[in-house]
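S.K.: Chains as they are written, first to last, in the numbering used here: chain C, 97 to 429; chain D, 117 to 346. Backbone N, C-alpha and C define an ideal beta-carbon position, used for all residues, glycine too.
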Amino acid sequence: MKKVINNPENVVNEMVEGFIAAFGNDYKKVQDTNGVIIKNKPKRVAVVTGGGSGHEPLFIGMVGEGLADGAAIGNVFAAPTPNTVLEVTKELDSGQGVLYVYGNYSGDVLNFDMAAELAELEDITTKTVLVNDDVASATKENAFDRRGIAGDIFAIKIAGAAANDNLTLEEVARITQKAADHTRSIGVALSPSSIPSTGKYTFEIADDEIELGMGIHGEPGVKRTKLQTADELTANMLDYIFDDIELQENDEVCVLVNGLGSTTLMELFIVNRKVAKILSEKGISIYDTDVNSYCTTLEMAGVSITLMKLDDELKKYYNKPANSPYYFKKGRG
Amino acid sequence: MMVAETDGVQTYLSTKQVKDLYIYVGQKVIEAKPTLTEIDSAIGDGDHGIGMEVGFKKAIQQLNEIEVEDINTIYKEIGKAMISNMGGASGVLFGTFFVASVKNKPVIDKLTLATFTHLVQSGLEGVQARGKAKVGDKTMIDALAPAVEALNAAVEQNKDLVKALQVASEQAELGLEQTKQLVAKFGRAKSLGERAIGHQDAGATTISIIFKSIFDYVCNLKTNGELLYE
Numbered sequence: 097m098k099k100v101i102n103n104p105e106n107v108v109n110e111m112v113e114g115f116i117a118a119f120g121n122d123y124k125k126v127q128d129t130n131g132v133i134i135k136n137k138p139k140r141v142a143v144v145t146g147g148g149s150g151h152e153p154l155f156i157g158m159v160g161e162g163l164a165d166g167a168a169i170g171n172v173f174a175a176p177t178p179n180t181v182l183e184v185t186k187e188l189d190s191g192q193g194v195l196y197v198y199g200n201y202s203g204d205v206l207n208f209d210m211a212a213e214l215a216e217l218e219d220i221t222t223k224t225v226l227v228n229d230d231v232a233s234a235t236k237e238n239a240f241d242r243r244g245i246a247g248d249i250f251a252i253k254i255a256g257a258a259a260n261d262n263l264t265l266e267e268v269a270r271i272t273q274k275a276a277d278h279t280r281s282i283g284v285a286l287s288p289s290s291i292p293s294t295g296k297y298t299f300e301i302a303d304d305e306i307e308l309g310m311g312i313h314g315e316p317g318v319k320r321t322k323l324q325t326a327d328e329l330t331a332n333m334l335d336y337i338f339d340d341i342e343l344q345e346n347d348e349v350c351v352l353v354n355g356l357g358s359t360t361l362m363e364l365f366i367v368n369r370k371v372a373k374i375l376s377e378k379g380i381s382i383y384d385t386d387v388n389s390y391c392t393t394l395e396m397a398g399v400s401i402t403l404m405k406l407d408d409e410l411k412k413y414y415n416k417p418a419n420s421p422y423y424f425k426k427g428r429g
Numbered sequence: 117m118m119v120a121e122t123d124g125v126q127t128y129l130s131t132k133q134v135k136d137l138y139i140y141v142g143q144k145v146i147e148a149k150p151t152l153t154e155i156d157s158a159i160g161d162g163d164h165g166i167g168m169e170v171g172f173k174k175a176i177q178q179l180n181e182i183e184v185e186d187i188n189t190i191y192k193e194i195g196k197a198m199i200s201n202m203g204g205a206s207g208v209l210f211g212t213f214f215v216a217s218v219k220n221k222p223v224i225d226k227l228t229l230a231t232f233t234h235l236v237q238s239g240l241e242g243v244q245a246r247g248k249a250k251v252g253d254k255t256m257i258d259a260l261a262p263a264v265e266a267l268n269a270a271v272e273q274n275k276d277l278v279k280a281l282q283v284a285s286e287q288a289e290l291g292l293e294q295t296k297q298l299v300a301k302f303g304r305a306k307s308l309g310e311r312a313i314g315h316q317d318a319g320a321t322t323i324s325i326i327f328k329s330i331f332d333y334v335c336n337l338k339t340n341g342e343l344l345y346e
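1) Across the region 407 to 425 of chain C and the region 255 to 271 of chain C, are there enough close Cβ pairs to call them in contact, namely three or more that are closer than 8 Å?
2) Under DSSP, the alpha helix (DSSP H) around Leu403/C begins and ends at which residues?
3) If you measure from the beta carbon of His151/C to each beta carbon in chain D, is any gap under 9 Å?
4) Are there 16 or more other CB atoms within 10 angstroms of the CB of Thr148/C, so buried, or fewer, so exposed?
5) Over what stretch of residues does the alpha helix (DSSP H) that includes Arg311/D continue unbroken?
6) Quick check on this structure: which residue in Met198/D, Phe213/D, Leu152/D has the alpha carbon closest to the alpha carbon of Leu260/D?
7) So, is Asp163/D buried or exposed, given that buried needs 16 or more other C-beta atoms within 10 angstroms?
8) Please check if any C-beta of chain C sits within less than 9 Å of the C-beta of Leu260/D.
9) I need the DSSP call for Val149/C, collapsed to helix, strand or coil.
10) Please report how far the alpha carbon of Lys253/C lies from the alpha carbon of Gly311/C, in whole angstroms.
11) Ile134/C by DSSP, collapsed to three states: which one?
12) For a contact defined as C-beta to C-beta under 7 Å, what are the partners of Asn201/D on chain C?
13) Less than 9 Å separating the beta-carbons of Val100/C and Ile116/C?
14) Tyr423/C and Tyr390/C - do their beta-carbons sit closer together than 9 Å?
15) What's the call for Asn238/C, buried or exposed, on a 16-neighbour Cβ count within 10 Å?
16) Buried or exposed for Ser420/C, going by 16 or more other Cβ atoms inside 10 Å?
17) Please report whether the beta-carbon of Asp340/C lies at a distance below 9 Å from any beta-carbon of chain E.
18) Per DSSP, what kind of secondary structure is Val284/C in: helix, strand or coil?
19) Output needed in chain order: residues of the region 279 to 306 of chain C with a Cβ under 8 Å from some Cβ in chain D.
20) To which residues does DSSP link Ile291/C through a beta bridge?
21) Using a beta-carbon distance below 9 Å, is Gly66/C in contact with chain D?
22) Please classify Gln244/D as buried or exposed, where buried requires at least 16 neighbouring CB atoms within 10 angstroms.
23) Can you say whether Leu337/D is buried or exposed, counting buried as having 16 or more other CB atoms within 10 angstroms of its CB?
24) Please classify Lys405/C as buried or exposed, where buried requires at least 16 other C-beta atoms within 10 Å of its C-beta.
25) Terminal residues of the continuous beta strand (DSSP E) containing Asp450/C?
26) With DSSP as the reference, label Met117/D as helix, strand or coil.
27) Counting only the same chain and skipping the five closest in sequence on each side, list residues whose C-beta sits under 7 Å from that of Ile146/D.
28) Determine the chain C residues that contact Phe302/D at a beta-carbon separation under 8 Å, and present them in chain order.
29) Suppose contacts are defined by Cβ-Cβ distances below 9 Å. Is Phe302/D in contact with Gly242/D by that definition?
30) Taking only three categories from DSSP, how would you classify Glu110/C?
31) Hey, does Glu315/C have any beta-carbon neighbour from chain D nearer than 9 Å?
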């Protein structure tokens, strides 16, 4: 596995240093941790996201105006330490509290929860919204057990917009929870990633095989099949989402076609072409579409499709402008 | 002076010996990094060994740097080093084990069997309160709980420290063996379902290594006549 790195032990530190070297006018590193925050956060509820590294531009790329105010990141595929989360929290709190928004993984939950307890000792109120959009990772009855994948993007967008509206922590949490509850994703993997520290592939898969529902750390999916055409694959993936969330004619959705790392924009557009076609045939209207690689898995090849069903409230916050070096939305509506 | 090796004779480790003990334990876990990586790669994401190395390296460095006056400090420093540096689930869980062991405890300057048992019992309770895992969930608890149970039984039976540690170490290893038959309820292995069967849990492996190396170290102290008697 060829990677452009120095010492595998330093990949995360050096990544953060490189990010700050590029965007230091607007961002700063939290001293002695791998936390990144925006400079000059206004006095309001803060939104903090985070998780393991290896999913770039998530999570640091979602720190920005109308988005998260800070990200606490861990080693590759490993949750950030409670200390990192706590320091980011302390830097950002201006007395109105801090909302944690991140994907539902046991390591992340343990570390963020521990940080929340430590923050409480410093008189900082926190609330948590867990993103659990991956329909392949557990049954509908056990949805609380599901992993968070690219749906993080929508949840962070909505959280940032709600916080910017000077709402209370309870309100920001309620609206962000609604965004998470209205979001479903499914992914497919074509090839594995390799972790810098082990230098090994995370799983094995034949050249002509794909795994439907595979997670962003190589967690097993629901089905391994022969490679299909983009259209067949897209239709199969969307079926899992339609089976899980009720979508009726005239419903409005936001679409995210997300590349997992090494799948090209060309392929993502081909997938999106079919997504648009299928949704149109069902009479579901597409309010907005993103085709990009936001939630990646190092060099894994593959794609995930995410739908967020809108209501008036979610639309109001989705319409707010957002801006970071890796995510941009013009205000609309 | 030779003391008869019988149950009921109170032996203990001094604060200095406990510090050396955990430096030894840390080295043994670090040495096991390739094994832990291999085990974790089978059903997790392969970083357990790397995390444990980071945690124990920092803990050893810290123990060597500071003036250790009581056993509470030793546990607290190991726990804090893990929580602040490892990340992942194992950082919080192993860190919590050490911190919870001595949380709200009066100053401890000698480690008898009863004290050690009391500490690991508190550590186990702390880990369970945080991680919510029970025996049978294919986690570190599967090795830790039987070891604690063995220690409690040994205290009841007034057993000798070395013998008690031997049984605890054996029970931890047995518990570890049994994780091979289990479906995981936590962590990355959870999504494997039945496919996790046949593979042992990485966290339980580390617990087993910790107990084995505690036993080896204390056994060695006894052989060298360095165990202290009341």
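M.R.: Checking against the coordinates, here is how it stands:
1) yes
2) As a first step, residue 403/C must be located in the first sequence, where it is residue number 307. Careful: Leu403/C lies outside any alpha helix (DSSP H), inside the beta strand (DSSP E) at 397 to 405.
3) Taking the first residue of the first sequence as 1, we reach residue 151/C at position 55. Chain D, which has no Cβ nearer than 9 Å to the Cβ of His151/C, makes this no.
4) As a working note, residue 148/C is residue 52 in the first sequence. Note that residue 148/C corresponds to Gly in the displayed sequence, not to Thr. Sixteen is the threshold: when 16 or more other Cβ atoms of the shown chains lie within 10 Å of the Cβ of Gly148/C, as they do, the residue is buried.
5) Working through the second sequence from its first residue, we reach residue 311/D at position 195. Where Arg311/D is concerned, there is no enclosing alpha helix (DSSP H), given that its DSSP letter is neither H nor E.
6) One-based indexing of the second sequence puts residue 260/D at position 144. Between Leu260/D and the set Met198/D, Phe213/D, Leu152/D, the nearest pair of CA atoms involves Phe213/D.
7) On the second sequence, residue 163/D is found 47 positions in, with the first residue counted as 1. When all chains shown are included, Asp163/D counts as buried.
8) Here the question's residue 260/D lines up with position 144 in the second sequence. Cβ-Cβ to chain C under 9 Å: no for Leu260/D.
9) As a working note, residue 149/C is residue 53 in the first sequence. According to the sequence provided, residue 149/C is Ser. The question's Val does not apply to it. Here Ser149/C sits in strand by DSSP.
10) Along the first sequence, one-based indexing puts residue 253/C at 157. Along the first sequence, one-based indexing puts residue 311/C at 215. Distance between the alpha carbons of Lys253/C and Gly311/C: 22 Å.
11) Translated into the one-based positions of the first sequence, residue 134/C becomes position 38. Ile134/C: strand per DSSP, three-state reduction.
12) The count along the second sequence starts at 1 and reaches residue 201/D at position 85. Per Cβ cutoff of 7 Å: Thr177.
13) Residue mapping note: residue 100/C aligns to position 4 of the first sequence, counting from 1. Residue mapping note: residue 116/C aligns to position 20 of the first sequence, counting from 1. It is not a contact, given that the beta carbons lie outside the stated cut-off.
14) Here the question's residue 390/C lines up with position 294 in the first sequence. Here the question's residue 423/C lines up with position 327 in the first sequence. Yes, the Cβ-Cβ distance between Tyr390/C and Tyr423/C is below 9 Å.
15) Within the first sequence, residue 238/C is the residue found at index 142, counting from 1. So Asn238/C ends up on the exposed side.
16) The residue given as residue 420/C occupies position 324 in the first sequence. Under this definition Ser420/C is a buried residue.
17) The structure shown contains no chain E; the protein chains it does contain are C and D.
18) In the first sequence, counting from the first residue as 1, residue 284/C sits at position 188. The answer is strand: DSSP assigns Val284/C an E or B state.
19) Ile291, Ser293, Thr294, Lys296, Thr298
20) Your numbering for residue 291/C matches position 195 in the first sequence. Bridge partners of Ile291/C: Lys296/C.
21) One cannot answer for residue 66/C here, as it falls past the ends of chain C, which runs 97 to 429.
22) Within the second sequence, the letter at position 128 stands for residue 244/D. In summary, Gln244/D is buried, with 16 or more beta-carbon neighbours lying within 10 Å of its beta-carbon over all protein chains present.
23) Against the second sequence, residue 337/D aligns to sequence position 221. A buried status is given to Leu337/D, since no fewer than 16 other beta-carbon atoms sit within 10 Å of its beta-carbon.
24) Taking the first residue of the first sequence as position 1, residue 405/C is located at position 309. Result: buried.
25) Residue 450/C lies beyond the stretch modelled for chain C, which goes from 97 to 429, so this question has no answer here.
26) Numbered from 1 along the second sequence, position 1 holds the residue referred to as residue 117/D. Note that Met117/D scores 38 on pLDDT, short of 50, meaning its location in the model is unreliable and no value can be drawn from it.
27) Within the second sequence, numbered from 1, the residue matching residue 146/D stands at position 30. Excluding sequence neighbours, Ile146/D sits near Glu169, Phe172, Lys173.
28) Looking up residue 302/D in the second sequence gives position 186. The contacting residues are Ser202.
29) As a working mapping, residue 302/D is identified with position 186 in the second sequence. As a working mapping, residue 242/D is identified with position 126 in the second sequence. Against a cut-off of 9 Å, the Cβ pair of Gly242/D and Phe302/D comes out as no contact.
30) Stepping through the first sequence from its first residue, residue 110/C is reached at position 14. Under the three-state reduction of DSSP, Glu110/C is assigned to helix.
31) The residue given as residue 315/C occupies position 219 in the first sequence. Yes, Glu315/C lies at the interface with chain D (some Cβ there is under 9 Å from its Cβ).
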